[in-house]
Each structure stands twice: as C-alpha cells, then as structure tokens.
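Undergrad:
2 protein chains.
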Amino acid sequence: MLVVTLSMIATPFVFAAEERWLAPRLIKQPVKPFDAIDADGEPPVIICGFGRVGQIVGRVLRLRGIPFTALEQNAAQVDFVRRFGNKVYYGDPSREDLLRAAGAEKAKVLVVALDDMEQSLRVVEVAVRHFPHLTIHARARNRRHAHYLKDRGVRHIVRETFDSSLRLTDDVLRALGLPQDEARHTVDTFREHDERTLIRQHAVHHDENRLIQTSRQAASELQALFEADREER
Amino acid sequence: MLVVTLSMIATPFVFAAEERWLAPRLIKQPVKPFDAIDADGEPPVIICGFGRVGQIVGRVLRLRGIPFTALEQNAAQVDFVRRFGNKVYYGDPSREDLLRAAGAEKAKVLVVALDDMEQSLRVVEVAVRHFPHLTIHARARNRRHAHYLKDRGVRHIVRETFDSSLRLTDDVLRALGLPQDEARHTVDTFREHDERTLIRQHAVHHDENRLIQTSRQAASELQALFEADREER
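Protein sequence lines, in the order shown, are assigned to chains Y and G.
Sequential numbering of the first sequence, starting at 277, is according to my numbering.
Sequential numbering of the second sequence, starting at 277, is according to my numbering.
(1) One question on the structure: do G/Glu436 and G/Ala459 come within less than 9 Å of each other, judged by their Cβ atoms?
(2) Is DSSP giving G/Phe407 helix, strand or coil here?
(3) Residue range of the alpha helix (DSSP H) that G/Ala378 falls in?
(4) Buried or exposed: where does G/Arg472 fall if 16 or more other Cβ atoms within 10 Å of its Cβ makes it buried?
(5) Where are the alpha helix (DSSP H) runs, 4 residues long or more, that stay fully inside the segment 412-477 of chain G, in chain order?
(6) For a contact meaning CB atoms closer than 8 Å, what does G/His413 contact in chain C?
(7) Chain Y beta carbons: is any one of them nearer than 9 Å to that of G/Lys426?
(8) Work out the CA separation of G/His409 and Y/Pro309 for me, nearest whole Å.
(9) Where do the ends of the beta strand (DSSP E) carrying Y/Val385 lie?
(10) Going along chain G, which residues have a C-beta under 7 Å from Y/Lys382?
(11) Beta-carbon separation of Y/Ser440 and G/Ser370 under 9 Å?
(12) Quick one: is G/Arg338 buried, meaning 16 or more other Cβ sit within 10 Å of its Cβ, or exposed?
(13) Do G/Leu474 and G/Arg419 have their beta-carbon atoms positioned less than 9 Å apart in this structure?
(14) Quick check on DSSP: helix, strand or coil for Y/Val329?
(15) Which residue wins for smallest C-alpha separation from G/Thr229, given the options G/Val480, G/Met393, G/Ala383 and G/Leu454?
(16) So, at 6 Å on beta carbons, what are the nonlocal neighbours of Y/Val399 in its own chain, with the 5 sequence-adjacent residues on each side left out?
(17) Where does Y/Val321 fall in DSSP's three states?
(18) Flag G/Thr462 as yes if its beta-carbon sits less than 9 Å from any beta-carbon of chain Y, otherwise no.
(19) Please determine, among Y/Glu372, Y/Arg340, Y/Ile433 and Y/Tyr424, the residue with the shortest C-alpha to C-alpha distance to Y/Val402.
(20) Please list the terminal residues of the continuous beta strand (DSSP E) segment that includes Y/Ala346.
(21) Anyone know if the C-beta pair for G/Leu452 and Y/Val336 falls short of 9 Å?
(22) Does DSSP put Y/Val510 in a helix, a strand or coil?
(23) Cβ atoms of G/Phe407 and G/Leu425: under 9 Å apart, would you say?
(24) CB Y/Arg328 to CB G/Phe326, shorter than 9 Å?
(25) Counting only Cβ pairs nearer than 7 Å, list the residues of chain Y close to G/Thr437.
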C-alpha cells in the first residue's frame, strides 16, 4: 500500500509515474513487511490504487494544492514511484485499520481507483461499513462492475474506458467528414442514452434473460433517438 | 476475428455486448478454423478489436447508419456476440490478407481498438505498409504505447483510461466544493498540459534519464500554469 503523505505533496510530482511500463524490471517482489502509515495532517482525499487512473487524480489534486493520501498494493509500482523521489508505502487496501490509519475518519472523499474488480468491491464494502461519511468515487472496469458498485451504494461511478472510447468515436466521425458540432452531438446523445441504459440494466442485472431484452429495447430506443435527431434537422 | 458485415448493421445491436463478463462461461476455446470473411459492400470503417472500446465505436457508427467491418480474435467474445443474434467471424487481425478481405483497400478509417499492445503495433505496421491510404485511429494502453504508435506514424491516439480519469477527477473536485466551471477549467488545463507533455516526452522516450528530467520540468510547468490561473482570478 503506497501512502503519499502530506510531505510529498510539496515535492515535484511525477508525470511518467502514470505508467506501469518500467515496473517489469522492478518486479522481483520485495519480501519486506507492509509499511506503517505516517499520515501527517488531515488530507480530505484518500486515493486507493495509484495506477493509471489514481495517478491522474493525484496529479491534479496536487497541482491544485489539495492534500491526499494514496494507497497502493503493488510493490513494484511503489518502487517505481520511489525512484522518482516520492515517499511511498504499500499494503492491503481493504484493511479497515489501514484505511483508518490513512485518515479515513477525517477525510471527505475516497477514490477507489483499483484495477481489480474484486478488490475494489472489498474496499467499498469496508469503507461503507466503517466510514459511512465518506463520499466514494469509483473506477469501474465495465458495466457489470458498475452494477456491483451501485449495489453497494456507490453513486459516483466512472467506467474506465468509456470516455476515451467516446473521444475516439468523435475523432472517427470527424475523419469521415461529419462537421464538428454534429459529431459532438452524436456522441453526447449516445453518452446520455448509454448512461440511462446502464441505470435501467442495473435493475435487472442478476437476470440474464431480462438483460438481453433490455439491451434490445435500448438499441431500438437509441435508433429512435437518432431518427428524431434527423427529423429535427 | 469477428467480422460484423453490412448485413448485421441492420439488426438490433447489443448494448450488453460491450461486456466480456459473460465470456468466462464460454471460454472453452472452440477448435474450429478461422472464418472466411464475407464482407458485402464497402464499409468505410474497419474496427480491429471489438472489446470495450471497439464496441462503443461500432454502436455509435451503426446508429449513425455508417457501415463498418469489425475484426476480433477472441472466440469467446465472438460467441458471446453471436448469442445476441449478430453475424460474426474471427481470426488473426494482423494478417494482411484478412485486412484486405475485410475491405482495407476501399475503407477510409482503420480503428485499432485492440487491448494487447504488441498486437496493436503489429496491426498498425501491417496497415501502414500495405494500406497507407487508411487513416488510423488507435487506442493506447498508456503513454509508452502511445509513443510506440507515434513512432509508427499514427497521428490519432487516445489513451484508454485518460478521459475517464479526468472525468473522475472533475467529479472529485466538485465533491470537494469547487464550483463547476473552476473544476472544468482545472481539468481542461491539465489535459492540454499533459498532452503537450506527452509530445515532449515522445522525443526522448528511448532515453530514460531524460524522460525523468522532462517529467519534473513538466510538473514545474503545470504548477506555474496553476499559479498563473490563480493570479488571473
């Protein structure tokens, strides 16, 4: 569990640290025990998981001067960050005592940016049970993960590849000759539609047959939305 | 290799197909040979990789009535899509003959939405060599992958978790009490800065020591940008 304490907030941060690509050469797993947390002050944000997603959150927070504590289990990743001059710790992020030591009682926001779905759900369960005052913002791998996060009461969920997929689609539409505003409108309409669909699917996500049916209904609905768009123009 | 031909464009599409989560139960790898491609017409877009990213592109294209051909190697995923009533094929997406059969000579845009970095680079190499007229839009796993895509001449690159990370960060800033426009401005400034940093890092991406130095310079630069923002207000 990587812990970025207040003291590191002031040090030059690491852009390349977003990457896990140097990790393989560091991957000889260290045998050292989990680090003790040394969280000075009361950072309002705890970031659980300091990979591609968590590091973007951390970098922006740091650059706004907002202190945070980051927890990361991957020792190779921790060592990589260490190499860039940051103070780091590691441990199991779903341990209640570690979250407490990291300042969960005083924090406002818990960012669950873990890559692993099961670990993400475990952290959410522990946080909801022991620190119900925290606002949880979670990274979801896919729709199913989003459903399970919702089951556990998480209201702020971002699907990890959804927004980039929409940006890629917007680029493709413009490469095909669509005017910029039309491409954007298409993508925005789709986004809203898909998020509504996700909510609708959540109600039936344990029932596969109904999920299939809902998907078809959703496809027809989006088709109708685009036809309505075409009529409007 | 999954091939979605023109004929499936007209069928109800699959929202839940974005997911790989039903795949495990289908994962008994089929022993059947790769399918022959049966690409009617001349779709302007070929989507290589029909996972979380490729399916979003495909769904939006379909709903705009833009035909596409999709190629996917994961047979389990293909079978999953089949279950929803779509016509599908599979094979090795970096084979020149398969790209040709899928319509690469007549297409305008090649979307390389593959999950696997090495496979993504192989497809790009084959496409650049044999079908240089194609505009390539690529999904990158991380900065390093983006650098290697750029080395191969790809100009349209989207990092797969970058945009969602920024949206999550925007949500967190607002949860901490930042006004909506200030949160958005922070995130937009960071995005532009980070994309400039990526271009700058590309020039030195084979030289690790210089990469580290550039990262620190970039951090200082962004800090200065935020200080300038603060002075402006």
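Beta carbons: idealized from backbone N, C-alpha and C, even for Gly.
Predicted model only: the values in this text are computed from it and were never measured.
TA: From the atom records:
(1) No. Outside cutoff.
(2) Note: G/Phe407 maps to coil in three-state DSSP.
(3) Following the DSSP letters along the chain, one finds G/Ala378 in no alpha helix (DSSP H), marked with neither H nor E.
(4) The residue in question, G/Arg472, is exposed, as its Cβ has fewer than 16 Cβ neighbours within 10 Å.
(5) Correct list: 419-427 and 438-451.
(6) In the structure shown, chain C cannot be found, because the protein chains are Y and G.
(7) With 9 Å as the cut-off, G/Lys426 does not count as an interface residue toward chain Y.
(8) Confidence at Y/Pro309 is low in this model, with a pLDDT of 46, below 50, so its placement is unreliable and the value that follows should be read with caution. Rounded to the nearest angstrom, the two C-alpha atoms are 55 Å apart.
(9) Counted as a single uninterrupted DSSP element, the beta strand (DSSP E) harbouring Y/Val385 occupies residues Val385 to Val388.
(10) Within 7 Å Cβ-Cβ: nothing; Y/Lys382 doesn't reach chain G, min ~14 Å.
(11) In this structure, G/Ser370 does not lie closer than 9 Å to Y/Ser440 by Cβ.
(12) It counts as buried.
(13) Contact flag set, yes.
(14) Helix, per DSSP.
(15) Nothing can be reported for residue 229 of chain G: it is not among the residues displayed for chain G, which extend from 277 to 509.
(16) When the five nearest sequence neighbours on each side are left out, the beta carbons in the same chain lying within less than 6 Å of the beta carbon of Y/Val399 are those of Cys324, Pro369, Ser370 and Val388, in order along the chain.
(17) DSSP places Y/Val321 within a strand segment (E or B) once states are collapsed to three.
(18) Judged by the 9 Å Cβ criterion, G/Thr462 is in contact with chain Y.
(19) Ranked by how close their Cα comes to the Cα of Y/Val402, the residues Y/Glu372, Y/Arg340, Y/Ile433 and Y/Tyr424 have Y/Glu372 in first place.
(20) For Y/Ala346, the uninterrupted beta strand (DSSP E) run begins and ends at Phe344 to Leu347, by DSSP.
(21) The Cβ atoms of G/Leu452 and Y/Val336 lie no closer than 9 Å to each other.
(22) Because residue 510 of chain Y is not part of the residues shown, which for chain Y are 277 to 509, the question remains open.
(23) Between G/Leu425 and G/Phe407, the C-beta spacing is not below 9 Å.
(24) Against a cut-off of 9 Å, the Cβ pair of G/Phe326 and Y/Arg328 comes out as no contact.
(25) For G/Thr437, the chain Y residues whose C-beta falls within less than 7 Å of its own C-beta are Arg328, Val329, Glu436, Thr437 and Ser440, listed in chain order.
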